[in-house]
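Engineer: Counting with our numbering, you get residues -2 to 243 for the letters of the sequence shown.
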Amino acid sequence: MLTNSIDVFADSCTNTRIEDCYIISGDDCVAVKSGWDEYGISFGMPTKHLVIRRLTCISPYSAAIALGSEMSGGIEDVRAEDITAYQTESAVRIKTAVGRGAFVRNVYVRGMSLHTMKWVFWMTGNYKAHADGRYDPHALPEITGINYRDIVAENVSMAGRLEGISGDPFTGICISNATIGMAVKHKKAIWMCSDVEGVTSGVDPKPCDLLDGQQSKKMDGGGCEFPSDVLEIDNVVLKSCSYQMS
């Protein structure tokens, strides 16, 4: 069991495994990144084939897992499962903006147990912080293939806040088998959605109309996709050792 008082970064990494972690943080517990604006675009090294499992997170001001905001080299094939969060602002947060470019795609999350938070689902295309003024205002990010399934949450202020980019919507969002218990003093708007497209199945409370698309091959028996293949990093066996004080 790994105990941290700071967050864990995965920045421009390939074949990485983060597991059996207990993290208390004032920022995102796990931050997935790949470079900032024109510098990340130029370097062009995505974070991909990332496994996060058996994570317990406490972070009152940020997310259990954050993708971005520095994602200009791209983020793809992220697999997270068995995630527990307490007193955390959000579960999995995607942060990007005009000028970031690149993509966040093929993200798979299943098995979340969430206790007291502002937002369960949070995506924003309006995270405007930039490294400098030389970023390309025409560099639009692609956010697609985002899958969440098997989620139980309690004491939540707002179920979802999903904000894409006008003219550049976030697409391929899939949410299934999610039960969200609202706090006694929850927000009047349980869901807020703009410039997003997706499908849902078995989600309570009922999601916004923009997530009411037709079920497709992304749905496996009514549930959102989660890959069954084994990544190379899962074939790595960690050895244990011991020592004796003399």
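No residue lacks a Cβ here, since even glycine has one placed at the ideal position from N, Cα and C. Given the structure is predicted, the values throughout are model-derived calculations rather than measurements.
Cα-Cα, which of I162, H183, V153 and S198 is closest to I172?
Structural biologist: The shortest Cα separation from I172 among I162, H183, V153 and S198 belongs to S198.
Engineer: Express the C-alpha separation of L47 and G122 in angstroms, rounding to a whole number.
Structural biologist: Near 22 Å, if we compare the C-alpha coordinates of L47 and G122.
Engineer: Going by other Cβ atoms of all chains shown within 10 Å of its Cβ, with 16 needed for buried, is L111 buried or exposed?
Structural biologist: L111 should be labelled buried.
Engineer: Hey, could you find the ends of the beta strand (DSSP E) S163 is sitting in?
Structural biologist: First-last for S163: undefined, no H or E at that position.
Engineer: Relative to the ligand GDP, is the shortest distance from any of its heavy atoms to the C-beta of R51 smaller than 8 Å?
Structural biologist: This structure does not include the ligand GDP; it has no bound ligands of any sort.
Engineer: One question on the structure: do A136 and G96 come within less than 9 Å of each other, judged by their Cβ atoms?
Structural biologist: Yes, they are a contact pair.
Engineer: Assuming E78 and G108 make a contact with CB atoms under 8 Å, what is their CB distance in whole Å?
Structural biologist: Contact holds; Cβ gap of about 5 Å.
Engineer: Considering only residues of the stretch 106 to 168, which uninterrupted beta strand (DSSP E) runs meet the minimum length of 3 residues and lie entirely inside it, listed in chain order?
Structural biologist: Counting only runs of 3 or more, we get 139 to 160.
Engineer: Would you give the residue range spanned by the alpha helix (DSSP H) that G37 belongs to?
Structural biologist: Taken as a continuous stretch (DSSP letters only), the alpha helix (DSSP H) holding G37 covers D34 to F40.
Engineer: In whole angstroms, give me the CA-to-CA distance for Q84 and S243.
Structural biologist: Looking at the two C-alpha atoms, the distance is approximately 43 Å.
Engineer: What did DSSP end up calling I187 once you bin it into helix, strand or coil?
Structural biologist: Of the three classes helix, strand and coil, the one that applies to I187 here is coil, per DSSP.
Engineer: If the criterion is Cβ atoms closer than 9 Å, does the pair I49 and E16 meet it?
Structural biologist: Yes, Cβ-Cβ distance for I49 and E16 is below 9 Å.
Engineer: Taking all protein chains shown into account, decide if S22 is buried (16 or more other Cβ within 10 angstroms of its Cβ) or exposed.
Structural biologist: Buried, since its Cβ has 16 or more Cβ neighbours within 10 Å.
Engineer: Assign G130 to one of two classes, buried (16 or more other C-beta atoms within 10 Å of its C-beta) or exposed (fewer than that).
Structural biologist: So G130 ends up on the exposed side.
Engineer: Give every residue of the same chain whose Cβ lies closer than 6 Å to the Cβ of L207, excluding the five residues on either side of it in the sequence, and list them in chain order.
Structural biologist: Closer than 6 Å at the Cβ level, and outside the excluded window around L207, lie C190 and V193.
Engineer: To the nearest angstrom, report how far apart S9 and V106 are at their CA atoms.
Structural biologist: Approximately 20 Å between the Cα atoms of the pair.
Engineer: Look at the alpha carbon of Y36 and the alpha carbon of A128, and state the distance between them as a whole number of angstroms.
Structural biologist: Cα to Cα, Y36 sits roughly 9 Å from A128.
Engineer: Assuming the contact rule is C-beta atoms closer than 8 Å, V101 and M68 should be a hit. Round their C-beta distance to whole Å, please.
Structural biologist: Correct: roughly 6 Å between the Cβ atoms.
Engineer: Quick check: I140 and F167, are their CB atoms within less than 9 Å of each other?
Structural biologist: Yes, Cβ-Cβ distance for I140 and F167 is below 9 Å.
Engineer: Near K45, what residues of its chain come up, given a Cβ to Cβ distance below 6 Å and the 5 sequence neighbours on each side ignored?
Structural biologist: Cβ neighbours of K45 beyond the five flanking positions: T11, E73 and D74.
Engineer: So, using beta-carbon positions, are I260 and A82 closer together than 9 Å?
Structural biologist: Coverage of the chain is limited to positions -2 through 243, which leaves residue 260 absent and any answer about it impossible.
Engineer: What are the boundary residues of the beta strand (DSSP E) that includes N12?
Structural biologist: T11 to I21 is the span of the beta strand (DSSP E), which, as asked, contains N12.
Engineer: I need the DSSP call for D192, collapsed to helix, strand or coil.
Structural biologist: Coil at D192, not helix or strand.
Engineer: In whole angstroms, what is the alpha-carbon distance linking G142 and K182?
Structural biologist: For G142 and K182, the distance between alpha carbons rounds to 33 Å.
Engineer: Between the alpha carbons of R51 and I230, how many angstroms are there, rounded?
Structural biologist: About 16 Å.
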